[in-house]
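Engineer: Here it is, the structure in full.
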Amino acid sequence: MRIRSYLPHHVLSNEELSELFPEWTPKKIEKKLGVRERRISAPDETALDMAGKACERLFDNFDRSIIDFVLLCTQSPDYFLPTSACILQDRLGLRTEIGALDFNLGCSGYVYGLSLAKGLLSASIAENVLLVVSETYSKHIHPQDKGNRSIFGDAASATLISKDMLSKIHEFALGTDGRGWNNLIIHNGAMRNRPQQKAMDWTDENGVLRNDDMLYMNGPEIFNFTIEAVPVLINQVLQKNKTSLDDIDFVIFHQANQYMLQYLRELIGVDENKFYVDMAETGNTVSATIPIALEKCLKEGRVKPGDRVLLAGFGVGYSYGATIITI
Amino acid sequence: MTINEFMVKLAELIEIEDDLSLDSNLKDYEEFDSMAIMSLVAFIHKNFGKQFNARQLNQVDTVESIVELIGNDSFSE
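If you read the protein sequences in the order shown, they are chains A and B.
Numbering follows the working numbering, with no gaps: position 135 of the first sequence is 135.
With the second sequence counted from 1, adding 327 to any position gets you the working numbering.
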C-alpha cells in the first residue's frame with residue numbers, strides 16, 4: 001500500500017497555547033488530548049495546495065500516468081466551484097482521460113474513500129485510484145477557541161489504490177445519522193447563511209465564546225454519539241467480514257482525541273498492544289488521521305504484509321464507517 | 328459507589344484540588360470545561376451505564392445537581 005502524507009511547516013506547540021491560555025497547561029493538554037503539537041497551514045496554503053504536496057511525495061520515483069481516477073476528500077475547497085479535484089488533476093499533470101471528483105466528509109472520509117475506490121475498481125471503471133484527503137480546520141477556528149485549537153491540526157495524505165489491491169479491501173460497514181448535523185458545524189459562509197458581514201462573537205449558556213463564521217463543536221455530544229455508534233459499527237464490520245477482534249492484527253481508529261480513543265478501546269475490548277494511539281505530533285487531522293497512522297505503521301513495521309487491519313472513522317455529519325484491509 | 332466516593336472521583340476527574348461538597352458549584356471552576364464534561368460523560372457511562380445529552384449536562388451546576396441527574400438511587404449508602 002503506497003501512502004504519503006504532508007504536514008504543513010508551522011508547529012503550534014502546547015507551550016505556545018499555554019502562553020495564550022494560562023489556565024491550560026502543556027501537561028494538561030497532553031494528558032487529556034494526547035497532543036503535544038499540531039501543524040498549521042500557512043495563511044496562503046489551502047487544502048488543495050497541501051493535497052498537491054502529498055501527491056508529489058507519492059509520485060516520487062513513480063509513474064503518475066497510471067492514475068485514472070482522483071478522489072479528493074475535503075471540506076475546505078479552494079472555491080465553491082470548480083471542483084478541487086479538477087484543479088489537482090491539472091496541477092499534478094495527470095492525464096486528461098481520467099475521472100476526478102471531490103467528496104465532502106470529515107473524520108469518516110478515508111474509509112468512505114476506500115469504499116468508493118473499491119467500487120470503481122470492482123466495476124472496472126478505474127485501475128489506479130488516487131485517494132487524497134486534505135483538511136485545514138485551523139482556518140475555521142476562532143483564535144480564542146482553546147479547545148479546538150488544541151485538538152485539531154492540518155494535514156493531507158495521498159494513497160494509491162490499484163486493481164491488485166481489490167482482494168485486500170474487505171467488507172465495509174457504513175453509517176449516517178444526520179440528527180447530529182449541528183453538533184460539528186460552521187454555520188456561515190455557504191448557501192444557507194451567506195456571508196453578509198463578519199459575524200459577531202457571542203457567548204453561549206456555558207460561557208463559551210462562539211462565532212457563527214467559525215467552527216463549532218459540541219464535544220460532549222460528539223462523545224455521546226461515538227460511544228453509542230462506534231461499538232455497534234465495529235460489531236457490524238466484524239460480522240460482515242465473518243471474523244472477530246482476535247483475528248484482527250491491528251486496529252486504527254480515527255485519531256479524535258486520546259481520551260475518547262482509550263475509552264472506546266476499553267468499551268469495545270481491543271487489546272492495547274494492537275490499538276493505535278499516536279496523535280502527539282499532529283493532533284486530530286480529520287480525514288487524514290487514518291492514512292497518516294497507516295503510513296507510520298508501515299514505515300515502522302508495526303503492520304506487516306499479510307496483516308489484517310481494522311480501520312474506523314467517525315465524526316462530522318454524523319458520518320461513520322469501518323472496514324478491514326489486508327496489508 | 329457512595330456519594331462521598333463519587334465526589335472524590337469527580338474532583339480527580341475535573342482536576343481540582345478542593346474537597347467537593349454537594350453544594351459546590353462546578354461552574355465556579357474554570358477547570359470545568361468541555362474536556363471535563365467529556366470526562367464526566369465517560370465516567371457516568373462507565374460507572375452508571377447512563378448517558379446524558381449536552382443540554383442536560385449544561386444545566387448541571389452543583390455537585391448535587393449531578394447526583395440528581397444520575398439518580399440518588401444509583402448510589403450506595
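The C-beta atom is built at its ideal place from N, Cα and C for all residues, glycine as well.
#1: What are the boundary residues of the alpha helix (DSSP H) that residue 289/A is part of?
#2: Under 7 Å, do residue 276/A and residue 252/A count as touching if we go by C-beta distance?
#3: Could I get the ranges of all uninterrupted alpha helix (DSSP H) runs contained in the region 328-359 of chain B, with 4 residues as the minimum, in chain order?
#4: Would you say residue 314/A faces chain B, with C-beta separation under 7 Å as the test?
#5: In this structure, does DSSP put residue 308/A in helix, strand or coil?
#6: Can you tell me whether residue 214/A is buried or exposed? The criterion is at least 16 other CB atoms within 10 Å of its CB, across all chains shown.
#7: Here's a check: name, in chain order, each residue in its chain whose Cβ is nearer than 8 Å to the Cβ of residue 171/A, leaving out the five neighbours to either side.
#8: Under 6 Å Cβ to Cβ from residue 121/A, same chain only, skipping five residues before and after it: list those, please.
#9: Indicate the three-state DSSP secondary structure (helix, strand or coil) for residue 37/A in the structure shown.
#10: May I ask you to report which of helix, strand or coil DSSP gives residue 325/A?
#11: Which chain B residues are close to residue 223/A, counting only those with a beta carbon under 8 Å from its beta carbon?
#12: Under 7 Å between C-beta atoms, does residue 220/A make it to chain B?
#13: For residue 264/A and residue 127/A, I'd like the C-alpha separation in whole angstroms.
#14: Check the C-beta distance from residue 256/A over to residue 284/A and give it rounded, since I have them as a contact under 8 Å.
#15: Could you have a look at residue 232/A and say whether DSSP puts it in helix, strand or coil?
#16: Give the range of the beta strand (DSSP E) segment to which residue 261/A is assigned.
#17: Just to confirm my understanding: we take residue 374/B, look at its own chain, exclude 5 residues before and 5 after, and list those with CB closer than 7 Å. What are they?
#18: Nearest chain A C-beta to residue 384/B closer than 7 Å, yes or no?
#19: Closer than 8 Å is the cut-off here; do at least three beta carbon pairs connect the region 140-156 of chain A with the region 15-29 of chain A?
#20: Using CA coordinates, which residue listed in 399/B, 389/B, 403/B, 401/B is at the minimum distance from residue 350/B?
#21: Counting only beta-carbon atoms, is residue 344/B nearer than 7 Å to chain A?
#22: Which term fits residue 49/A, buried or exposed, when burial requires 16 or more other beta carbons within 10 angstroms of its beta carbon?
#23: Who are residue 10/A's beta bridge partners in DSSP?
#24: Which residues in chain A sit within 8 Å of residue 357/B, going by Cβ to Cβ distance?
#25: When you compare only the Cα positions, how much space is there between residue 190/A and residue 70/A?
#26: Quick one: which chain B residues come within Cβ less than 8 Å of residue 259/A?
Structural biologist: According to the data block:
#1: The sequence position of residue 289/A within the first sequence is 289, counting from 1. Run containing residue 289/A: 289-300, per the alpha helix (DSSP H) assignment.
#2: Within the first sequence, the letter at position 276 stands for residue 276/A. Within the first sequence, the letter at position 252 stands for residue 252/A. Result yes, Cβ atoms of residue 276/A and residue 252/A sit closer than 7 Å.
#3: 330-341
#4: Along the first sequence, one-based indexing puts residue 314/A at 314. No, no contact with chain B.
#5: For the purposes of this step, residue 308/A is taken as the residue at position 308 of the first sequence. Look at residue 308/A here: in three-state DSSP terms it is strand.
#6: In the first sequence, counting from the first residue as 1, residue 214/A sits at position 214. Classification for residue 214/A: buried.
#7: On the first sequence, position 171 is the one that residue 171/A refers to. Excluding positions up to five away in sequence, the list reads 237, 240, 241, 323, 324.
#8: On the first sequence, position 121 is the one that residue 121/A refers to. Apart from the 5 residues on each side of it in sequence, residue 121/A sits with its Cβ closer than 6 Å to the Cβ of 163, 166 in its chain, given in chain order.
#9: Within the first sequence, residue 37/A is the residue found at index 37, counting from 1. It is a strand residue.
#10: If you number the first sequence from 1, residue 325/A lands on position 325. Residue 325/A falls in the strand class under three-state DSSP.
#11: Numbered from 1 along the first sequence, position 223 holds the residue referred to as residue 223/A. Under the 8 Å cutoff, chain B gives 365, 368, 369.
#12: The residue labelled residue 220/A in the question sits at position 220 within the first sequence. It does: the Cβ of residue 220/A has a partner Cβ on chain B nearer than 7 Å.
#13: Position 264 of the first sequence, counted from the first residue, corresponds to residue 264/A. Position 127 of the first sequence, counted from the first residue, corresponds to residue 127/A. Cα to Cα, the separation comes out at about 36 Å.
#14: Counting from one through the first sequence, the residue named residue 256/A turns up at place 256. Counting from one through the first sequence, the residue named residue 284/A turns up at place 284. Rounded, the Cβ-Cβ distance is 6 Å, consistent with contact.
#15: As a first step, residue 232/A is located in the first sequence; it is residue number 232 there, counting from the start. Note: residue 232/A maps to helix in three-state DSSP.
#16: The residue you call residue 261/A lines up with position 261 of the first sequence. Counting along the chain, residue 261/A falls outside any beta strand (DSSP E), though it belongs to the alpha helix (DSSP H) covering 258-268.
#17: Here residue 374/B refers to the residue found at position 47 of the second sequence. For residue 374/B, same chain residues with a beta-carbon under 7 Å away, outside a window of 5 residues either side, are 328 in chain order.
#18: On the second sequence, residue 384/B is found 57 positions in, with the first residue counted as 1. True, the Cβ-Cβ gap to chain A drops below 7 Å.
#19: yes
#20: On the second sequence, position 23 is the one that residue 350/B refers to. Of 399/B, 389/B, 403/B, 401/B, the residue nearest in Cα terms is 389/B.
#21: Taking the first residue of the second sequence as position 1, residue 344/B is located at position 17. No, residue 344/B lies away from the interface with chain A (no Cβ there is under 7 Å from its Cβ).
#22: Locating residue 49/A in the first sequence gives position 49, where the first residue counts as 1. When all chains shown are included, residue 49/A counts as buried.
#23: For the purposes of this step, residue 10/A is identified with residue 10 of the first sequence, where counting begins at 1. Per DSSP, 40/A.
#24: Residue 357/B sits at position 30 when you count from the first residue of the second sequence. The contacting residues are 23.
#25: On the first sequence, residue 190/A is found 190 positions in, with the first residue counted as 1. On the first sequence, residue 70/A is found 70 positions in, with the first residue counted as 1. Each residue's alpha carbon lies about 25 Å from the other.
#26: Counted from its first residue, the first sequence places residue 259/A at position 259. Correct list: 362, 365, 366, 369.
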